[in-house]
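*Asks:* Provided herewith is a single structure, encoded as structure tokens, for subsequent inquiry.
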Amino acid sequence: MLICKVVKPLVSTNRIPDFEHKHLQVVLDGSTQKVAVDAVGCVPGDWVICVGSSAAREAAGSKSYPSDLTIVGIIDHWEPEPPKPPATPVAS
Numbered sequence: 001m002l003i004c005k006v007v008k009p010l011v012s013t014n015r016i017p018d019f020e021h022k023h024l025q026v027v028l029d030g031s032t033q034k035v036a037v038d039a040v041g042c043v044p045g046d047w048v049i050c051v052g053s054s055a056a057r058e059a060a061g062s063k064s065y066p067s068d069l070t071i072v073g074i075i076d077h078w079e080p081e082p083p084k085p086p087a088t089p090v091a092s
């Protein structure tokens with residue numbers, strides 16, 4: 001499972017039939033943007049729990065669903081750790 005932040009919705013009107021009409025969200029995993037199927041109805045700014053692989057397909061509704069990342073929960077309260085400052089070189 002991953003903790004990600006929802007950035008914005010992604011609209012794709014031309015899809016394969018198996019993709020159905022599920023909502024898509026752009027999520028931030030660290031510094032990487034990914035696309036996730038939204039199974040819970042989140043909004044931009046929400047911190048969410050995402051699952052990948054076969055768990056993502058099953059959470060989206062079917063083991064044959066074409067997803068490798070699905071949002072399965074909205075986190076009620078989350079304060080991410082601030083980034084660590086770069087290490088200072090040791091003088092010799």
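The opening position of the sequence shown corresponds to residue 1 in UniProt numbering, with each subsequent residue numbered one higher.
Note that the Cβ used here is the ideal one computed from N, Cα and C, for glycine as well.
(1) Would you grab the beta carbon distance between G45 and V6 for me? Rounded to a whole angstrom, and I think it's under 8 angstroms.
(2) Tell me the start and end of each unbroken alpha helix (DSSP H) in the stretch 14-82 that is at least 4 residues and wholly inside, in chain order.
(3) Do you know how far the Cα of D68 is from the Cα of S54?
(4) With respect to the beta strand (DSSP E) encompassing K5, which residues constitute its N-terminal and C-terminal limits?
*Replies:* Walking through what the data contain:
(1) 6 angstroms
(2) 53-59
(3) 7 angstroms
(4) L2 to L10
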